[in-house]
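Please read the structure below before turning to the comments.
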Amino acid sequence: MNRIFSGIQPTGNLHLGNYLGAIRNWVQLQSSYDCIFCMVDMHAITQWQEPAELRRSTREVASAYIASGIDAKKHIIFNQSRVRAHAQLAWIFNCVARLGWLNRMTQFKEKAGKDRENASVGLYVYPSLMAADILAYKATHVPVGEDQKQHLELARDIAQKFNHDFGVEFFPLIEPIIKGEATRVMSLRDGSKKMSKSDPSDYSRINLTDTADTIALKIRKAKTDPHPLPESVAELEKRPEADNLVGIYAALSDKTRGDVLVHYAGAQFSKFKAELSDLAVSVLGPIGAEMQRLMKDPDHVDAILRDGAERAQAIADPIVAQVEEIVGFLKP
Ligand code: AMP
Ligand code: TRP
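With positions in the sequence shown counted from 1, the corresponding number in our numbering is that position plus 110.
In structure tokens:
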């Protein structure tokens, strides 16, 4: 069976974009792949994280995976830092990846902002650690949101260059899985910006832990335009806020934007938003409640993560040992 690897940074404010762009797809892919789902705490510290908050957030993301329906017995849930193979392989990949490749990464430019000299070196080499996450398990498929496409292309380049340089057919080609109607959920305040954990306005996103009232309020206040909903998907193109809300509705109900418009063409936003809120609360409410329950039992969550890390390590260690052999590290 093909293997899936994916991860989320435990950096707080897990939101609807993470759920629709990533976790919801993972839940569906579980029946066709062996899956490994990670909280990438080593990626998280490429930007400053309060230690206590990092621990809390790691458990919160794990709780979100479990509450959304990831089966931690059949598949693997763990935090990255527990399996040393990630760091070991990342170093080797730092020596395979080229400066020119990393210089093209748009996420680094966005996150480093104007003060580039002051960004951590970790933030710069973030994509080689990401390639290591995937390839330490020889994973073939990686389900993510649209924003990770460039990183996955780089991971493919690293795998290819490694195979080529050492004259081996060792690493598989990685296939991204970027699917559904919500691969890029936008901010509820500004249809040109991605919904993100770090947006200073909490009204820009729906957090997985928001109460029903908060979800309804945020959707009611979401920016829209004054026109009723159009008849066709093509007409959504120049209406980013409308497009975003229709996309969210579609993803939450496993429909297409077209299906949603068949039902709502000509409707006012007041009606559409009220029904979108009911839908969002019906999907996210039970997940948020189960997350809260799991967060009250950290020992239980930690036991799942310990077991996951052991099983992850059992897969990754032999693969990284073979890589070290190929590279020529002496094992006296
Ligand atoms: P991050 O929050 O950057 O750790 O992202 C974790 C996962 O969520 C990745 O697969 C991202 O592509 C996905 N993701 C993050 N933000 C969004 C968004 N606004 N829309 C869709 N997917 C997203
Ligand atoms: N960079 C990803 C993000 O921020 C998280 C991530 C780290 C990841 N390692 C990964 C995703 C490996 C998929 C596979 O969204």
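Heads up, the beta-carbon is just placed ideally off N, CA and C, and yes, glycines get one too.
Taking the straight line between their C-alpha atoms, what separation do you get for GLN198 and HIS373? 53 angstroms
Through-space distance from LEU298 to ILE325, alpha-carbon basis: 11 angstroms
Which residues DSSP lists as bridging ASP144, in chain order: ARG113
Report the CB separation of ALA241 from VAL430 in whole angstroms; it is logged as a contact under 8 angstroms. The Cβ separation is near 13 angstroms, so there is no contact.
Other residues of its chain near GLN159: CB distance less than 7 angstroms, five sequence neighbours each side excluded: THR121
Could you tell me which residues DSSP puts in a beta bridge with VAL252? PRO286
Quick check on PHE218: buried or exposed, where buried means 16 or more other Cβ atoms within 10 Å of its Cβ? buried
Using the three-state DSSP reduction, which class does MET296 fall into: helix, strand or coil? strand
Could you tell me the alpha carbon to alpha carbon distance between ILE118 and ILE316, rounded to whole angstroms? 17 angstroms
Compute the distance between the beta-carbons of THR376 and PRO338, then report whether it is under 8 angstroms. The residue asked about is misnamed: residue 376 is Gly in this sequence, not Thr. In this structure, PRO338 lies closer than 8 angstroms to GLY376 by Cβ.
Where does the unbroken beta strand (DSSP E) through ASN354 begin, and where does it stop? From DSSP, ASN354 is part of no beta strand (DSSP E) but of the alpha helix (DSSP H) over 350 to 362.
Give me the residue from ALA424, ARG421, PRO408, GLU420 with the minimum Cα distance to VAL171. PRO408
Using only the alpha-carbon positions, how far apart do ALA182 and TYR129 sit? 17 angstroms
Grab me the residues of ALA360's own chain with a C-beta within less than 8 angstroms of its C-beta, minus the 5 sequence neighbours each way, in chain order. GLU291, ALA292, THR366, ARG367, ASP369, VAL370
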